[in-house]
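There are 2 protein chains.
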Amino acid sequence: ILRPVMTNNITEDIDVLVFLPQNNSYTFSHARVAPAILYAQQRLQAEGGQYSGIHFNIHFENSDCVNGALFLLLDRSCGQKPDLILGPVCEYEAAAVIRLASHWDIPVISAGALAAGFSNKNTEFSQLTRIAPSYVKMAETFTAMFEHFTWRSALLLFEDDKQERNCYFTLEGVYHLMADFNIKSYAVSMEERLDTDDILQNIHDTEVVIMCMGADRIREVMLAAHRRRLTNGSYMFFNVELFNASSYGNGSWKRGDKYDSDARQAYASLNTVTLLRTVKPEFEKFSMEMKKSVEKSGFHDCKDCGSVNMFVEGFHDAMLLYAIALHEAMKNGYSKKNGTEITSHMWNRTFEGIAGQVSMDVNGDRNGDFSLMAMTNVDAGTYEVVANYFGENGTFQLLPAFNSEHFTLRGRHKEQPEIPD
Amino acid sequence: ILRPVMTNNITEDIDVLVFLPQNNSYTFSHARVAPAILYAQQRLQAEGGQYSGIHFNIHFENSDCVNGALFLLLDRSCGQKPDLILGPVCEYEAAAVIRLASHWDIPVISAGALAAGFSNKNTEFSQLTRIAPSYVKMAETFTAMFEHFTWRSALLLFEDDKQERNCYFTLEGVYHLMADFNIKSYAVSMEERLDTDDILQNIHDTEVVIMCMGADRIREVMLAAHRRRLTNGSYMFFNVELFNASSYGNGSWKRGDKYDSDARQAYASLNTVTLLRTVKPEFEKFSMEMKKSVEKSGFHDCKDCGSVNMFVEGFHDAMLLYAIALHEAMKNGYSKKNGTEITSHMWNRTFEGIAGQVSMDVNGDRNGDFSLMAMTNVDAGTYEVVANYFGENGTFQLLPAFNSEHFTLRGRHKEQPEIPD
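Just so you know, the protein sequences line up as chains Z and C, in that order.
Residue numbers 8 to 428, in the numbering used here, belong to the letters of the first sequence in order.
Residue numbers 8 to 428, in the numbering used here, belong to the letters of the second sequence in order.
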């Protein structure tokens with residue numbers, strides 16, 4: 008018996024409340040991310056598709072990375088509460104909103120809220136689905152490397168603005184996951200001058216230095232390490248740079264000053280962990296559309312606004328994932344107001360996102376794929392991806408450009424037992 | 008011209024929302040504090056008084072020291088918002104409620120929220136009035152002592168439950184205020200056994216040890232210090248115990264075990280900073296009434312429930328202070344809904360509370376009076392108050408029982424410049 012495909016469809020109005028900052032200094036600003044959400048909405052509602060019966064009413068609200076999103080949610084929620092919340096990204100602001108949304112049984116999907124604390128979905132953050140890999144997922148790349156190369160100790164060096172605390176939370180993920188290794192941490196304040204002497208004294212008894220700081224400070228540390236001959240292979244240096252593509256890779260050492268040559272040599276010891284970039288034909292089209300959208304809106308104050316980053320991809324895919332989950336939940340007889348049910352359908356599943364496959368773990372957190380970049384041509388100062396880490400199955404893949412010598416600690420005197428007279 | 012006194016009166020209904028825990032393990036539980044609030048209400052509404060026209064509708068809600076108060080406030084605020092909030096006490100729970108109340112322009116008075124972070128009233132906590140002295144106020148006692156005795160360095164030793172974090176916040180106040188001194192800190196987790204060897208190694212290069220821990224752990228540290236002969240006057244030991252009167256003073260060293268004699272000798276070096284207790288006739292009546300109220304309600308599971316502590320006093324006085332401020336604001340033509348105006352009348356003023364004069368500073372935080380207790384009879388192991396610190400004018404008052412030798416560091420070898428050969 009043939010049944011028309013249409014019976015598979017559901018019809019529903021969904022109020023979506025999106026929290027994104029108007030301020031374009033954020034890489035997840037409204038100007039950057041909104042076009043991706045609208046693009047996803049269009050694709051989902053396209054004639055005849057499985058999800059075309061879902062009518063999204065999307066309301067964008069400003070997020071100020073402090074309490075703005077919380078207060079907006081409160082002040083507009085006495086009447087009709089939203090069915091879905093996208094964002095906020097900033098950790099502290101997100102915590103307040105997700106706490107409240109979880110209390111009200113409203114699903115929240117964010118490409119932010121990446122801190123380790125959000126992993127605990129038992130109580131406060133039960134309705135949170137993280138559509139971008141968290142900092143703890145990123146940290147898996149380091150545990151994989153530490154096991155592969157048999158390193159045991161690291162110093163975590165980060166700058167802490169005591170406001171949004173991105174670098175603090177980034178390396179907190181590493182600290183959180185690497186409890187079995189010998190890990191120390193060193194925070195530098197944003198206001199004070201970098202005391203490279205003190206920093207380098209602290210790396211003395213560790214093998215690996217993992218940094219999260221502004222690009223200029225990374226260079227300062229690497230130059231100081233180079234002057235002290237610590238870049239000769241006796242230490243491994245890493246920086247974590249997930250979002251600012253301009254801060255790593257080719258030329259990241261270059262400033263046009265007299266230190267460029269030293270910096271290039273120093274950076275031969277600096278490896279970067281970043282998000283794995285994938286390219287598929289559909290993604291190219293999406294990228295082009297995003298660029299066009301931003302150009303059309305005339306955001307001239309917004310550097311790089313048309314380029315797709317993890318937040319842009321993530322919030323696009325959030326719409327897809329929600330549509331899939333809502334569809335399943337409603338087919339099973341649940342209403343759109345049953346956030347817990349809908350959220351459960353978003354977890355522990357794999358689906359095709361705009362840039363490739365998206366794998367959500369059982370805890371509702373996206374599995375992450377990361378790339379390890381290293382300088383492969385010291386004369387030219389150019390970088391290549393030398394290895395990839397795939398979060399879903401936990402594999403560490405060495406690429407042709409990988410050179411194992413580059414990752415071998417050299418010239419370290421192992422502690423010998425004292426020889427008695 | 009004679010005017011009838013009655014024209015001075017105002018008439019208004021005031022909705023008060025009170026957040027106190029039902030759980031009697033908290034010294035600020037509903038069973039303990041509610042009678043004091045009702046006692047204040049009765050006194051204020053007594054026939055003919057200046058504030059008898061204010062009709063308080065008092066709603067008690069449970070506080071769970073996590074998010075309970077926040078969610079209750081949200082869920083009942085879509086209709087009519089309260090005019091005044093009393094509590095919560097616990098820091099994290101209070102932060103969320105005060106943030107929201109400040110956004111909604113509702114005055115909050117708490118005998119808790121004592122952490123240093125709440126001092127910043129410019130933004131998030133603009134509507135907070137603290138009717139009990141904060142931890143930073145307590146810390147003034149230490150700066151006064153350090154200046155008086157010319158001490159320069161201290162180790163802050165505290166236990167951290169990572170939940171309510173009372174001891175963390177207590178000594179954070181000291182850390183916050185004593186930036187000009189040489190301060191180190193040492194946290195011990197609640198789960199792990201106390202490593203007294205490691206702790207005592209850390210006191211090596213400091214003069215003063217300031218502790219906030221459970222009474223048994225304080226004893227453990229003091230016994231270990233005594234065994235190592237560190238209680239001979241070469242170090243000063245303090246503990247901060249603001250709320251649990253049973254944890255300090257006479258017999259606090261006693262457990263009925265074989266270490267009692269050592270502990271008594273060790274405690275000869277342990278001084279306690281606590282709240283200054285005052286007694287005035289009116290207060291005696293209040294204390295009696297509180298005891299009666301609790302007995303009448305039949306709280307048999309509630310140890311010490313009838314005894315008046317800082318929270319009981321504080322929430323009583325909160326009602327008085329609000330009545331005074333509301334009265335002034337309304338006489339000036341403002342409505343009860345103008346929280347900012349009413350709050351401003353609570354700050355920078357002195358009034359007669361249930362236990363004596365209450366002095367509020369310009370920042371809406373109560374000035375604190377604290378007592379320093381020391382063992383004055385080592386044979387009997389008994390304590391006396393030896394000095395008082397008065398926050399309003401910053402004076403440090405030595406009492407007859409004070410013995411300056413007790414607070415003189417002895418046997419410390421000052422660092423001498425090396426003598427050349």
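Where a beta carbon is used, it is the ideal one built from N, C-alpha and C, also for glycine.
Taking a cut-off of 8 Å for Cβ pairs, the stretch 337 to 350 of chain Z and the stretch 107 to 116 of chain Z touch, as three or more such pairs fall below it.
Between C:Val96 and C:Phe35 a beta carbon distance of about 5 Å is seen, short of the 8 Å cut, so the two are scored as contacting. One alpha carbon belongs to C:Glu412, the other to C:Thr383, and they sit about 12 Å apart. Not a single CB atom of chain Z sits nearer than 7 Å to the CB of C:Cys312. Taking 4 residues as the shortest admissible run, the stretch 325 to 377 of chain Z contains the following complete alpha helix (DSSP H) segments, listed from N- to C-terminal end: 346 to 353.
Put simply, the backbone Cα of Z:Asn173 is about 43 Å away from that of C:Tyr255. Looking at Z:Glu100, Z:Ala161 and Z:Thr157, the one whose alpha-carbon comes closest to that of Z:His211 is Z:Ala161.
Per the Cβ contact rule, the stretch 324 to 341 of chain Z is in contact with the stretch 38 to 52 of chain Z (3 or more Cβ pairs under 8 Å).
Assignment of beta-bridge partners to Z:Lys191 by DSSP yields Z:Leu162. It is roughly 15 Å from the alpha-carbon of Z:Leu249 to the alpha-carbon of Z:Asn374. The beta carbons of Z:Leu283 and Z:Asp223 sit no closer together than 7 Å. C:Asp168 is the residue among C:Leu184, C:Glu359, C:Phe176 and C:Asp168 whose C-alpha sits nearest the C-alpha of C:Val195.
A Cβ-Cβ separation of about 12 Å leaves Z:Lys128 out of contact with Z:Asn355 under the 8 Å criterion. The three-state reading of DSSP puts Z:Val215 in strand, counting E and B together. When secondary structure is reduced to three states using DSSP, C:Asn173 falls in the helix class. With 16 or more neighbouring CB atoms inside 10 Å of its own CB, Z:Pro89 falls in the buried class.
Sixteen is the threshold: since fewer than 16 other Cβ atoms of the shown chains lie within 10 Å of the Cβ of C:Asn239, the residue is exposed. Taking 7 Å as the CB threshold, Z:Cys85 lines the interface with chain C. Sequence-distant Cβ neighbours of Z:Arg159 in its own chain, meaning closer than 8 Å and more than five residues away, are Phe153, Phe188, Asn189 and Glu214. Note: Z:Met382 is bridge-paired with Z:Tyr390 in the DSSP secondary-structure output. Interface flag for C:Phe78 against chain Z is set, since a Cβ pair is found closer than 7 Å. Put simply, the backbone Cα of C:Leu24 is about 14 Å away from that of C:Trp111. Non-local C-beta neighbours of Z:Asp82 in its own chain, meaning closer than 8 Å and more than five positions away in sequence, are absent. Z:Val228 is not bridged by DSSP to any residue. Contact with chain C is absent for Z:His62, since none of that chain's Cβ atoms lies less than 7 Å from the residue's Cβ.
One finds Val73 and Asn74 in chain C with Cβ atoms closer than 9 Å to the Cβ of Z:Glu131, taken in chain order. Residue state for C:Val143 is assigned as helix, using DSSP reduced to three classes. DSSP places Z:Thr18 outside both helix and strand once states are collapsed to three, so it counts as coil. Of the residues assessed, C:Cys85 falls on the exposed side of the cut-off, its CB having fewer than 16 other CB atoms within 10 angstroms. In terms of CA proximity to Z:Gln87, Z:Asn64 leads the group Z:Asn64, Z:Ser300, Z:Asn69 and Z:Thr415. Between C:Thr389 and C:Thr136 the beta-carbon gap is near 38 Å, outside 8 Å, which marks them as no contact.
With 16 or more neighbouring CB atoms inside 10 Å of its own CB, C:His233 falls in the buried class. When 9 Å is used as the limit between beta carbons, C:Leu81 is near these residues of chain Z: Leu81, Ser84, Leu107, His110 and Trp111, in chain order.
Here Z:Asp20 has His62 and Asn64 as same chain residues with Cβ atoms under 7 Å from its own Cβ, once five neighbours each way along the sequence are excluded. Using a Cβ distance threshold of 7 Å, Z:Tyr274 and Z:Trp260 count as a contacting pair.
Burial is judged here by how many other beta carbons sit within 10 angstroms of a residue's own beta carbon; C:Ser300 has at least 16 and is buried.
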